[in-house]
Amino acid sequence: MKIYTKKGDTGTTQLIGGTRIPKNSLRIESYGTIDELNSYIGLIRDQNINQKYTNQLIETQDRLFTLGSLLAVDTKKSKRQLPQIHKEDITNLENWIDEMQTELEPMTNFILPGGHTTVSYTHIARSICRRSERIINELNSTEIIPQIILPYINRLSDYLFVLSRKLSKDLKIKEELWKPRM
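First residue of the sequence shown? That's -14 in the numbering used here, and the numbers climb one at a time after it.
What follows is the structure in structure tokens.
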């Protein structure tokens, strides 16, 4: 497979199915942000963390590639069979969240992101996930997308938040509570 085709040199790219659209379209922005999120999750995975979380993040990266392909397809033109996001994928995230929360203190304040590089990477991934959710929600208002995408992304941002808290605990980092100045 040749990496450069020169077809995108004029500012367009091709969806699965052959349709060419501008690279600055909302659809491209949606799956481009998923790609950015996937890269940050890879950065978290590269840290010295519990293998269980590494495995969860690898599974999440697989799901994000699937989600990106669902956003990159022109459903009117493509006959290609694509992998899908399933309700079990959301259930997995919820189960992982629930398991981590059994070891965490209940939240009483907002938490300031930071304290350790690994925790900070996780917060960055969470904020990219939230941005992707906003972009996909906007795309959903004008184009048909699989309805399971938004719940999955919403739950993933929750997972990343709880993971940041769990990593803080595992790394013995004190969470800095936000105490607003009045």
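Quick reminder that beta carbons are idealized off the backbone N, C-alpha and C, glycines included.
A quick note: this is a predicted structure, and the numbers were derived from the prediction, not measured.
Check	Outcome
Simplified DSSP state of Glu79, which is helix, strand or coil	helix
Contacting residues, own chain, Cβ-Cβ under 8 Å from Leu162 (five flanking each side not counted)	Thr93, Asn94, Phe95, Ile96, Leu97
Closest Cα partner of Arg69 within the set Arg166, Ile158, Ile133, Thr127	Before going on, a small fix: residue 69 reads as Gln here, not Arg. Per the Cα distances, Ile133.
Beta-carbon proximity check, Ile121 vs Tyr25, cutoff 8 Å	no
Alpha-carbon to alpha-carbon, Ser105 and Ile75	24 Å
C-alpha distance - Leu148 paired with Lys61, whole-angstrom precision	38 Å
Rounded distance between the beta-carbons of Leu145 and Arg111, thought under 8 Å	4 Å
Per DSSP, the bridge partner or partners of Val58	Ile1
Beta-ladder partner(s) of Glu161, from DSSP	Leu97
Neighbourhood of Leu78 by C-beta distance below 7 Å, restricted to the same chain and skipping five residues each side	Arg140, Leu141, Tyr144
Cβ pair count under 8 Å reaching 3, the stretch -9 to 1 against the stretch 31 to 43	no
Own chain, CB closer than 7 Å to Thr107, minus 5 neighbours either side, in chain order	Ile29, Leu145, Leu148, Ser149, Leu152
C-beta contact flag for Lys8 and Thr18 at 8 Å	no
Pairwise C-alpha distance: Gly99 and Arg48	27 Å
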